[in-house]
Amino acid sequence: MSSPALSATVPGGWTARLSLAQLGLMMGWFTLIQIVLPQHMVEVDAAGKEASLAVVFAVGAAVSMVSNVAFGAWSDRTRGRYGRRRPWILAGGVAGAAALVVLGTQRSVLGMAIGWSLVQLTFNAAFAATVAVVPDRVPEWQRGRVLAVAGAAQAAGPLLGGLVVALVVTGILPSYLAMAALLLVTVLPFALATGEGPVTGPAPGPFDWRTLWVSPRRHPDFAWAWVTRFLMNLSISMGTGYLLYYLRDQVGYERLFPGHGADEGVLILLAVSTVAGIGPTLLSGWLSDKLGRRRPVVSVAGLLTASAGLLLAFGSAWPMVIVAAVVLGAGSGAFLAVDQALLTQVLPADLDRGKDLGVLNLAAAGPQMLAPILAAPLVTQLGGYASLYAATAAVGIAGALLVWKIRDVP
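Our numbering puts the first residue of the sequence shown at 35, with every later residue one more than the last.
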């Protein structure tokens with residue numbers, strides 16, 4: 035069950051700081067995933083880059099799955115003058131910047147796996163608490179709009195990060211250093227001014243890993259929300275994890291545009307996707323609040339997201355890739371914003387919001403681990419990129435339709 039409706043509207047400044055923090059976290063995460071880590075791996079293991087990158091992604095995702103839930107649960111149980119979420123956001127932001135520097139110095143596949151795991155660990159400390167503070171502070175009737183603004187900021191993060199590593203800095207280590215500095219600039223304002231006072235109310239019982247289990251029988255809406263999010267994130271992760279290699283090896287970007295690298299193509303697609311997603315993201319959040327209905331918006335947005343995979347499955351011409359980026363940006367932006375609002379309304383217990391949102395976030399971290407395991411053989415042995423993108427479309431369609439299994443959220 036969700037928490038009782040809160041009455042106090044959160045001000046615009048609070049929403050802006052929340053959005054800035056989420057922009058910084060997404061900038062760090064996805065700039066690394068889509069551009070920096072693939073380029074780094076080319077320097078470390080050019081011959082086996084696909085398989086080695088899959089290992090690094092999978093190890094990091096496993097760490098993310100555990101740490102997101104753990105930090106969410108620990109923030110539920112934190113008591114003191116600085117609140118329960120703020121200390122974790124602050125510590126995660128500072129430690130995350132340090133982890134990026136460590137990762138940037140690695141020159142082996144093992145070192146990259148360890149460094150990426152540290153990034154996942156620290157980023158999840160900040161992200162779990164940042165997500166949990168929303169149902170703490172934002173009334174249900176305002177969550178669609180607040181999370182739509184935050185969602186638009188999240189979508190802009192990879193684009194801004196891509197611009198920095200493509201146009202402002204040169205080289206692998208400078209890219210990591212830039213992401214570290216930007217993480218501090220974006221996360222610390224929210225960490226230092228969340229408006230969270232001392233927490234004196236009752237706390238959940240001692241943390242026990244067995245409490246992570248949420249019975250699908252007792253909480254079916256929670257279970258279906260988890261499945262829906264898992265499938266949609268799996269679809270997106272499968273489609274974007276090998277984007278740099280897709281442009282280089284399948285589209286032939288560097289052949290089409292001599293003198294320009296495939297990383298430039300990724301940046302162009304990020305720009306197109308981000309711009310295409312801003313309007314639909316904000317509109318979907320406003321619309322879901324206005325109508326008081328989340329499921330129709332989530333389902334339509336999910337189907338739109340999946341259709342981007344269909345476009346890439348049937349053609350790899352550069353204009354088709356641009357169209358797919360437009361469709362993906364519009365669909366995924368709208369989906370992620372309203373789906374996050376929906377998730378806050380299926381939480382089983384008020385005192386365990388952080389833990390339960392962490393369990394739901396496993397549906398985002400899990401696909402990061404599973405996607406390369408599924409995508410690598412599709413690309414290398416089972417039909418290439420056409421098979422990969424057909425699979426992403428099928429998975430996304432399933433996720434978009436299963437949202438209708440949720441009953442207590444309109």
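Note that CB positions come from ideal geometry on N, CA and C, so glycine has one too.
Under the assumption that residue i contacts residue j (Cβ atoms under 8 Å), give the Cβ distance between them as a whole number of angstroms.
i           : j           : result
residue 447 : residue 310 : Nothing in the structure corresponds to residue 447, since the chain is present only between 35 and 444.
residue 263 : residue 373 : 6 Å
residue 399 : residue 98  : 4 Å
residue 297 : residue 316 : Not really, about 29 Å apart at Cβ, beyond 8 Å.
residue 127 : residue 54  : 11 Å between Cβ atoms; not a contact.
residue 433 : residue 349 : About 24 Å; that fails the 8 Å criterion.
residue 361 : residue 103 : No, residue 361 and residue 103 are not in contact; Cβ-Cβ is about 32 Å, not under 8 Å.
residue 370 : residue 185 : 5 Å
residue 422 : residue 409 : 6 Å
Could you have a look at residue i and say whether DSSP puts it in helix, strand or coil?
i           : result
residue 369 : helix
residue 39  : Residue placement at residue 39 is poorly supported in this model, since its pLDDT is 44, which falls under 50; the coordinates still yield a value, given next. Coil, per DSSP.
residue 240 : coil
residue 120 : helix
residue 175 : helix
residue 157 : helix
residue 51  : helix
residue 440 : coil
residue 329 : helix
residue 416 : coil
residue 131 : helix
residue 433 : helix
residue 140 : coil
residue 164 : helix
residue 335 : helix
residue 425 : helix
residue 227 : coil
residue 44  : coil
Between residue i and the ligand FAD, is the CB less than 8 Å from at least one heavy atom?
i           : result
residue 122 : The ligand content of the structure shown is nil, which means the ligand FAD is not present either.
Taking CB distances under 9 Å as the criterion, tell me whether residue i reaches chain C.
i          : result
residue 90 : Here chain C cannot be found, since the structure has a single protein chain.
Report yes or no: do the region 265-282 and the region 59-77 share at least 3 C-beta pairs separated by less than 8 Å? Judged by Cβ distances under 8 Å, the region 265-282 makes contact with the region 59-77, as three or more pairs qualify.
Where are the alpha helix (DSSP H) runs, 4 residues long or more, that stay fully inside the region 341-413, in chain order? Listed in chain order, the complete alpha helix (DSSP H) runs (minimum 4 residues) inside the region 341-413 are 352-377.
Kindly provide the ranges of any alpha helix (DSSP H) runs that are 4 or more residues long and lie completely inside the region 76-128, ordered along the chain. For secondary structure counted as the alpha helix (DSSP H) over 4 or more consecutive residues, the region 76-128 holds these complete runs in sequence order: 83-111.
Ranges of the alpha helix (DSSP H) found wholly within the region 248-305, counting only runs of at least 4: 254-274, 287-290, all fully within the region 248-305.
Is it true that the region 172-186 meets the region 373-384, where meeting means three or more beta-carbon pairs spaced less than 8 Å apart? Yes, they touch.
Can you confirm whether the region 283-297 touches the region 351-361 when touching is taken to mean that 3 or more C-beta pairs between the two stretches lie within less than 8 Å? Cβ pair count under 8 Å is three or more, so yes.
Counting Cβ pairs closer than 8 Å, one from the region 109-128 and one from the region 197-209, do we hit at least three? The region 109-128 vs the region 197-209: no contact.
Residue ranges of each alpha helix (DSSP H) run of no fewer than 4 residues wholly in the region 174-222, ordered along the chain? Scanning the region 174-222 from its first residue to its last, the whole alpha helix (DSSP H) runs of 4-plus residues come out as 174-197.
Decide if the region 416-433 is in contact with the region 339-347; the criterion is three or more beta carbon pairs, one per stretch, under 8 Å apart. At 8 Å Cβ cutoff, the stretches touch.
Decide if the region 105-124 is in contact with the region 159-171; the criterion is three or more beta carbon pairs, one per stretch, under 8 Å apart. Contact between the region 105-124 and the region 159-171 is present, because at least three Cβ pairs lie under 8 Å.
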